[in-house]
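A short write-up of the structure that comes next.
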Amino acid sequence: MIEDLKKNYNHLFENALLEEIHGVSIVKEIPEGMELIRSGSYIKAMPLIIHGAIKILREDTEGDELLLYFLEKGDTCAMTLSCCIGHHKSEVKAIAEMDSKLIMIPVEKMEEWTTKYKSWRNFVFESYHKRLMEAIETIDSIAFLKMDDRLLKYLNDKTKISGLKIINTTHQQIAYDLHSSRVVISRLLKKMENKGLIKLNRNSIEIVNI
């Protein structure tokens, strides 16, 4: 684990902190589609992402979901940090976007390291800022963008996360993520295909010219 830590976080944390993380944390590998955090649950550990990606969703009382943002290698979730430090129930749901490897840090170390290590404090504040900006971007896209523009942004984000031009997903899953209906998403995807932007396959979408 120490090799993974140094490779991904050596530019952020001093050796003493890396050694402490190594001493108290566990490595967790989660497969694509696995739920990591459930809305309404207490969080006992904070994840640092070594590789892969996690999508963070907001769930309403009806069980409908809205994608807030993706977490990638080197990221952590500000909402997780907030829940850890404040001992609150999670307001979000976290699901593995792809096979991912995480380092899980015990909750009790959060405040201790914020006081003890400037690098950790900076990392926490920067994480808050980054996630806030992404949440604002999500709000802006809902308020100001048409669904076809939101869908285009969604596909771009997915290809950026995976580094691939083929997105393995269903129209229904996209509808869940964008809080829309499968009929609307299917119609817009077909429109994009007719324009030569994408190619629709069974349970996958190939990016051609986005």
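Each residue of the sequence shown is one higher than the one before, counting from 179 in the working numbering.
By construction, the Cβ of each residue, glycine as well, lies at the ideal position given by its N, Cα and C atoms.
This structure is a prediction, so every number in the text was calculated from the model and none was measured.
Quickly, what does DSSP pair residue i with across the bridge? List them, please.
i    : result
F248 : K233
I227 : L280
I215 : A272
E243 : E237
K377 : E384
I344 : E384
Y220 : K267
What whole-angstrom Cβ distance do residue i and residue j have, given they're in contact under 8 angstroms?
i    : j    : result
E210 : M282 : That belief does not hold up - the Cβ atoms of E210 and M282 are roughly 18 angstroms apart, past 8 angstroms.
L226 : T254 : 6 angstroms
I228 : N186 : 6 angstroms
A231 : E250 : 5 angstroms
N346 : S382 : 5 angstroms
Restricting to Cα atoms, I'd like to know which of the options is closest to residue i.
i    : options                   : result
P284 : I199, T316, L330 and F191 : I199
D327 : V362, S297 and N300       : V362
L356 : Y220, N193 and Y247       : Y247
R265 : M311, I221 and G201       : The question names Arg, but residue 265 in the sequence shown is His. The residue with the shortest Cα to Cα distance from H265 is I221.
R365 : R380, H349 and Y354       : H349
N379 : I388, G241 and K368       : K368
S203 : E286, I352, K296 and K338 : E286
S340 : S278, G374 and R309       : S278
K390 : S359, Y354 and I388       : Look at the range of the chain in this structure, 179 to 388, and you will see that residue 390 is not part of it.
Sorted by chain position, which residues of the same chain lie with C-beta nearer than 8 angstroms to residue i's C-beta, five sequence neighbours on each side aside?
i    : result
K271 : E213, I215, R216, S217, I234, L235, R236, E237 and E243
L259 : M224, M288, V302, S305 and Y306
W298 : F191, L195, W291 and T292
Tell me which same chain residues have a C-beta within less than 7 angstroms of the C-beta of residue i, skipping the five on either side of it?
i    : result
E384 : K343, I344, I376 and K377
S319 : R328 and K331
In terms of residues, what are the limits of the alpha helix (DSSP H) holding residue i?
i    : result
K267 : First-last for K267: undefined, no H or E at that position.
E384 : Careful: E384 lies outside any alpha helix (DSSP H), inside the beta strand (DSSP E) at S382 to I385.
K368 : R360 to N372
F301 : K296 to F322
H349 : H349 to D355
Where does the unbroken beta strand (DSSP E) through residue i begin, and where does it stop?
i    : result
K206 : I204 to I208
For residue i, which residues from the same chain have a beta carbon less than 6 angstroms from its beta carbon, with the 5 sequence-adjacent residues on both sides left out?
i    : result
I273 : E213 and K233
T316 : L246
Y354 : E243
G252 : N186
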